[in-house]
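Data block below; observations after.
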Amino acid sequence: MADLGTTYLGLELDHPIISGACPLADTLDGARRLEDAGAAAVVLRSLYEEQLRAEAFATHESLVASTESFPESTTFLPEPDEFILGPDEYLGHLARVHDALDVPVIASLNGAAPGPWLDYAPMMEQAGADALELNIYEVVTDPVDTAELVESRLAEIVREVASRTALPIAVKLAPFYTSFASVAARVEQAGARGLVLFNRFFEPDIDTENIEVAPHLELSSRSELLLRLRWLAIVSGRIDADLAVSGGVHSEIDAVKAVMSGARAVQIVSEPLKGGAHRFGEIRDALNDWLDEHEYESVSQMRGSMNLNRCPDPTAFTRTQYIRMILTWRPQD
Amino acid sequence: MIADTRLVCAAASAAPAKTDRKASPMPDATIATIEGNEAAASVAFRLSEVAAIYPITPSSGMGELADEWAGQGKTNIWGRIPNVTEMQSEGGAAGAVHGAAMAGSLATTFTASQGLLLMIPNMYKLAGELTPFVMHVAARAICTHALSIFGDHSDVMGCRQTGFAMLASASGQEVHDMACVAHAASLESRIPFLHFFDGFRTSHEVSRIAMLSDDDLRAVIDDAAVDEHRRRALTPDRPVVRGTAHNPDTYFQAREACNTYYDACPGIVEKVLDRFAAQTGRQYKLFDYYGDPNADRVIVLMGSGVSTAAETAEELNKRGEKVGVIAVRLYRPFSTEHLARALPSSVKAIAVLDRTKEPGAPAEPLFLDVSAALRQLDDANALPCGEMPRLVAGRYGLASKEFTPAMIKGVFDELAKPEPKREFTVGIVDDVTGLNIDYDPAFEIEPDDVLRAVFYGLGADGTVGANKNTIKIVGTETERHVQGYFEYDSNKSGSWTISHLRFSPRPIRSTYLVRTAQFVACHQFNFLEKRDLLERAAPGATFLLNSPYGPDEVWDHLPREVQDSLIEKKLKFYVIDAATVAEEAGVGRRINTIMQACFFGLSGVLPRDEAIEKIKQAAKKTYGKRGDAVVNANIRAIDAALDHLHEVTVPAKVTATHGRPPVVADAAPDFVKRVTAVIMEGKGDLLPVSAFPVDGTWPTGTSKWGKRSIAASIPIWDESICIQCNKCAMVCPHAAIRAKAYEPGDLAGAPDTFKFTDYKAKDLKGLKFTIQVAPDDCTGCNLCVNVCPSKDKSNPRHKAIDMAPKLDVIDAERPNFDFFLDIPELDRSRVVRLDVKGSQFLTPLMEFSGACAGCGETPYVKLLTQLFGDRTAVANATGCSSIWGGNMPFTPYTTDSCGRGPAWANSLFEDNAEFGLGMRLAIDALGDRAKGSLERLAPQIGDVLVSEILGANQRTEPGITAQRQRVVALREKLANIDNADSHNLNLLADYLVRKTVWLVGGDGWAFDIGYGGLDHVLSMTKDINVLVMDTEVYSNTGGQASKATPIGAAAKFAATGKTTDKKDLGLMALHYGHVYVASVAFGAKDAQTVKALLEADEYDGPSLVIAYSHCIAHGYDLQFGADQQKRAVESGVWPLYRYDPRRVLSGDPPLTIDAPAGKIPVSDYMNSETRFRMIERLDKERFKRFAAEAQHCAESRIAIYKHMAQLRLGEPHPAPAEPRRVPARAASNGKDGE
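Protein chains in written order, with my numbering: chain A, 1 to 333; chain B, 10001 to 11234.
Have a look at this one:
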């Protein structure tokens, strides 16, 4: 039996298959089910600063709307003495999950620009998080926002968080940078202990009947893995940060590819959302079987074996491969 | 025995604690700055085990607090959480507390006005059975010629015959103290107590009071008396019977058996007052005397007027007069002996002032009591003054009419006359019966060291909240005494507020509005154009203006009158652009904390830095539970405020070229100019008696003259992409968007900016079409834009109707709207299809109401008036719809070009169905009488016309039109007939045209307080129509739960979420079988709404239309009201259906479901509203349980309706026809017309 053990962000994991940020761990029971099913670690869903802010203001506006305007109805809704506010609720849940689970619990924080939300990082540390996943998701629309500005902002956020908490930080990134390898290195220099490749985006569709933008979110498919494999392979071995893959892993073969490309942890989300939590155990066991069948001693033995430094044909990850494919492709008869 | 005048507010002079307190029945500080209602509730809650409650202004706050405290697990002084239960009416609450008290618990309730009157039957019982019990009443005017929510003693005086003891409080401190005394004295005397204080003036005044601790309460309550009450409890362990029936031989004697208890009661109250004084240091008496021990003139009164009267007497005595005031505390049982003790022996003349009116009585009740008492004393030679003093009766302060030192001096001056008026009024000009006495309104007594501030704000800008906050900061953080009182406009939203604040080194006894202020703030620049804001500014005062113009520009934008006052009064003038500061800080339109910071910065009431710190602390406390983001935005706003505050150098001369515009247009009718405009200008107090109709009748259609112009942006129509669906006009809550189809020739003389296009549909081919906004009547709610389905295909962000900044378009849109109004309305008979589109070509006969922006009720009523308004009588239950339907100075119900329109009346809350039924019966009777004359005149009129009239089918619009034409022809014939029948028929001929009676109201009426009557009226077969605008809470009184409140919704009286689902009123009604029932939601399916209203009207029998009405109390931006209605329907929470009994006859299932349900989960609907989400903020699991239960309830309901929609009921066996009853007299002599 192969040694599936791995380390990620300094955490000892029994195997690389961990639960990515998703609603499955929104309840204590849900989190317990993930552990019971075999997840080696659990990443909680992100605390969204913008959402908290928007909800706070929406509630505030609802409570003050039309108040103190008419003598018979100076208010319209009761206001309890104590609300459970977004951060409190999250931190309470984090603490409960941490207490209940034996596997590491990774908190997740989502934001785009430096702000008061950065203070949530130490609160998460205090609430018992074993690590922090920083999900930096920004759709830049302003033409004056240059790549340099965007990347500087990213590094600043990482530095700010790192200065506030001793927790190991993994930064979950988007792939859309001109020079991703450079960004990866810069994020690492700013204090990241790990990188998660990649964030998946909410990509709105267009409702042609009503001429509206339609909210749209699809679960990942295996086709998304290829992009991730390429960049895992490129940055693996060039930076020291721990790498995790997120998006497109649906089977043990996908996991093997990710590890071979350099991943220390393999986050899966869509698969248990569709197939149930037991997919963690199934993929873990299948991974074990695959390693056994292929006579690997351990996961670490194959980790990075297919990265840019070690794969038999590194140009396969580069542009030449693209050209060659185009040139050699012929329509089928 | 003369009481120490310093005692009146001795309570409040105790040293303040340095801590603030939360709203709590258990004070954690000895000093609190709270409203009178909280002062009463704090004691009532802690001294009760059972509270049965029901909302009614101005007492609702007491019940709300009690319910909130119980929800938070707060306890009474015995360590138990009182059981606080909302009932279906005040009558129900009285029944519940009667049972609770008889069964041995300590019970209480809170009420006012008509609500108190509903309790009277049980009050007789409680008193007759000598049951200890206390009710706390925020005394309020009674609905007579009109409703008023404001304070006087009309309601409590209506209870003086019940046998309740009546204890009056004059201030917030007294409310707190007397509440305790009432509970203690009731237990010891066995007589139930009605403890009352003046509605609004005391119930809503914020002042600093010394709080009673639990130990204080324990010390005053006699445990033995509590034990005795328990021993008398109705219990099977010691069974007795109560409530027996007596016969003539015994009732009288048994009724007299209680006398000794009433005899003893004053002494017991006195004893309790002494015990209270020993515990707290605050000594009160049954009758307290304030003034010169040797006074020759004395005023006797009770309630909040006492404080002002006492301070005025004190000032007059300083000026050399000898006057005094007797405050009545224990009004019933009336103790002649204690009155005698209070009277100075020197008194020569007494004025007894009543705050109530009893038309036809020789005098008002307090006068009669005092008069009788003095007579008795005189008979017994026990008058302290020897001879009978001159006694005069005065009325003052009805419905919170101002009662000022000037008026009190006027009363003393009147008493000094050789022949004072025996009966008078003070405070008004009675130019009809000449009853009023004169006074010098310029007389003032307020010392300079009392800082007085007046703030003019807009309802939505947070001014009142900020000022309450300021009062609390100063009240709790300094040695100063504080007072806050708040005036509001008559519109539900978008209205002005006036805050009156006082800060004094001494207890404040001025229970009247600030008349001259050292600080005046105007928080909305456009108010300068509306009214004289500097009228109240004292010479040399500070004027703070929220201005979009900086210190160097503002002067040129001020109206002439403002410039004049600034110069003449030598005011210090400051400006701040608070809107910009608010925007930059991220607090939206709420400028409250910014203006508050400026007040502290300028007024010097606290050191500036300390004040800023306190405001920040207050913001953290107020907004902390709403999240850091909200707190931080407010902190930023506070920090930025003083940096943006600038002093303006006031020029020496007036330079303005414009003055304040006239309040109403020149074209307004005389009444509007003479009366409405004066009220609009805030000068309604100046109107004399002769200005008013004698019976409360008011002209319709006056709201069109009150151009409020409150919207920042208004909708603008793009004719090039409009598909002419008229949905924008349909949803407009204020009838501010109009659709018109008209002849091309009508465009002659149109302004260049007037928009029009060809009408597209075939039915009115060749006509032109326009959608026009009423720019000064639109409230900017955005509902129209959200329902508009027409998008520009190249730029879908642009719709056929889009909002535009009003300032950019107002100059064009005003003449456009005027021109639009002048285009002739489309003849009703040309509207062939009465669907959504067609209905909007009919003139709305309810327009420009004072409803909230985005109101979900008004579109239904507006539609109703479009469809049937010219032949509709409306019985309107009290509630939001009666307020936006007829709150002075405006009347939104109006008439068409023929002068016809809805005949509208609001009677009461509890019996609107019966009231409307009465209208139906009258209309039927008059119609029947007209028909009788018509039948008898057939030979002269002609059988053809008569039979056409009598046999006309008037169930549809064309049928109505034809009948109107027949009536015109009939009248022409009648002109040539001269007899009694002809005269009678001429008078009543219009009743031959079918009249529709609509019973309109909210869920509080239909589901709760009026349900019994509604059920009865529905059980009959009369042709009445009921429109229930279901907002699922008591919206008008501030969102208390009703039986229509859905499961899981947070509402007042259900702060942790209602645990049962809403009552299915429609299902209950359709079980009768003969009732037409429809459930509608215009935002989900407007066509079904129109269809249901038409069918209801057409159906010859009772009809019930229950209409989903989104409401500000649901907690979301109402511009999305239609979307949320759609969610309600799609989730199954609000099924759309119509039950038409006529379909039974055709063999069809009578129930039709009009929209599929279950398209989205109920939680999707719940997630969009704060009333549900609030529970999630409290307890996520509880929210989930509610969502699951709500889903189950919705599915169950839908399953029932689906099942019923399959049921064919078979033709009923026809009941034997009722023989037509021929009036006996008509049958005998054929002269019905005589």
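Built from N, CA and C at the ideal position, the CB exists for glycine as well.
- B:I11160 is not bridged by DSSP to any residue.
- By alpha-carbon distance to B:K10572, the top candidate from B:A10611, B:L10194, B:M10595 and B:L10544 is B:L10544.
- Under the three-state reduction of DSSP output, B:N10037 falls in the helix class.
- For B:V10993, the three-state secondary structure derived from DSSP is coil.
- Put simply, the CB of A:H216 is far from chain B, with every gap to its CB atoms at 8 Å or more.
- Taking the Cα of B:L11094 as reference, the smallest distance to any Cα among B:E11032, B:A11006, B:C11111 and B:T10996 is reached at B:T10996.
- Fewer than three beta-carbon pairs drawn from the segment 10401-10409 of chain B and the segment 10361-10378 of chain B are found closer than 8 Å, and the two stretches are therefore not classed as touching.
- Within 7 Å of the CB of B:V10630, the CB atoms of chain A belong to A56, F57 and H60, in sequence order along the chain.
- For B:M10102, the enclosing alpha helix (DSSP H) stretches over residues E10090 to M10102.
- When secondary structure is reduced to three states using DSSP, B:F10252 falls in the helix class.
- Between B:P10733 and B:C10880 a beta carbon distance of about 12 Å is seen, past the 8 Å cut, so the two are scored as non-contacting.
- For B:K10401, the three-state secondary structure derived from DSSP is coil.
- Using a CB distance cut-off of 8 Å, A:P80 counts as an interface residue toward chain B.
- Counted as a single uninterrupted DSSP element, the alpha helix (DSSP H) harbouring B:M10595 occupies residues N10592 to S10603.
- Fully contained in the segment 10337-10398 of chain B are the following beta strand (DSSP E) runs of length 3 or more, in chain order: 10349-10354 and 10390-10396.
- Between the beta-carbon of A:S261 and that of A:N307 there is about 6 Å, and that keeps the pair under the 8 Å contact cut.
- B:M10302 counts as buried, since no fewer than 16 other beta carbons sit within 10 angstroms of its beta carbon.
- A:R96 is outside the set of residues whose beta carbon lies under 8 Å from a beta carbon in chain B.
- Excluding its 5 nearest sequence neighbours in each direction, B:Y10488 has C-beta neighbours in its own chain below 7 Å: S10495 and T10497, listed in chain order.
- The Cβ-Cβ distance between B:A10691 and B:V10675 falls below 8 Å.
- Ranked by Cα distance from B:I11160, the first of B:R11142, B:D11154, B:E11130 and B:G11147 is B:E11130.
- Each residue's CA atom was taken as its position, placing B:V11080 and B:T10872 some 20 Å apart.
- Where B:W11005 is concerned, there is no enclosing beta strand (DSSP E), because DSSP gives it neither an H nor an E.
- Beta-bridge annotation (DSSP): B:R10332 is paired with B:M10166.
- Per the Cβ contact rule, the segment 10035-10048 of chain B is not in contact with the segment 10997-11014 of chain B (fewer than 3 Cβ pairs under 8 Å).
- At least one CB atom of chain B sits nearer than 8 Å to the CB of A:G86.
- Not a single CB atom of chain B sits nearer than 8 Å to the CB of A:S251.
- By the CB criterion at 8 Å, B:T10649 and B:Q10563 fall outside the cutoff.
- Counting other Cβ atoms within 10 Å of its Cβ, B:S11146 stays below 16 and is therefore classed as exposed.
- Pairing A:L227 with A:V187 gives a Cβ-Cβ distance that is not under 8 Å.
- With its beta carbon less than 8 Å from one in chain B, A:P71 belongs to the interface.
- Counting only residues of its own chain and dropping the five nearest sequence neighbours on each side, B:L10926 has a CB closer than 7 Å to the CB of L10988 and Y10991.
- In the structure shown, B:T11056 adopts coil according to DSSP, grouped into three states.
- Excluding sequence positions up to five before and after B:E10337, its CB lies less than 7 Å from no other CB in the same chain.
- Ranking B:V10944, B:R10936, B:T10700 and B:G10320 by CA distance to the CA of B:S10982 puts B:R10936 first.
- The criterion of a C-beta distance shorter than 8 Å is not satisfied by B:G11083 and B:Q11040.
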